[in-house]
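Here is the structure we will look at.
Numbering (the numbering used here), first residue to last: 2 to 158.
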């Protein structure tokens, strides 16, 4: 936990009322060359040696399509395996739509992070309960069909 000043707003008070330990999440950009950031596999090594329990693979430039448009599926698979071999969890993001999520589910990421796919029209619009429910059901169905890792599926609806 962090030593902090007393909470001053509603969000801080809500967070302070929960007894949770904060953890670091290492972020690796699939388009690391455009982000001028380290290679994603170097981020895995860094996270492993610095006690980060989760590594997030995301895209830096949201205009270049989905994560699958930036990296081949085999590279994403290798990344997920590398994170798991280091006993960490992996979160996958990057302008993911339903088609991309369907391709990523068999790779067994621990968390799939979405924004635009849960919204009405694009990533800047309001969250759509129907889209959120559809994503939740897709992940839940995958979990029950595969009998393998359970990918985190938490629906706010």
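Built from N, CA and C at the ideal position, the CB exists for glycine as well.
Any contact of the stretch 103-110 with the stretch 121-129, i.e. 3+ C-beta pairs under 8 Å? Touching, no, given that fewer than three Cβ pairs across the two stretches are closer than 8 Å.
Specify, as a first and last residue, the run of the alpha helix (DSSP H) that residue 90 falls within. It is not in any alpha helix (DSSP H) - residue 90 instead sits in the beta strand (DSSP E) that spans 90-93.
Check the DSSP bridge columns for residue 57 and list the partner residues they point to. DSSP lists 28, 92 as partners of residue 57.
What does DSSP give as the partner residues of residue 113 in its beta bridges? 93
With a cut-off of 8 Å on the beta carbons, I'd call residue 92 and residue 110 a contact; round off their distance for me. 7 Å
What residue from 60, 26, 94 has the CA that sits closest to residue 37's CA? Nearest C-alpha to residue 37: 60.
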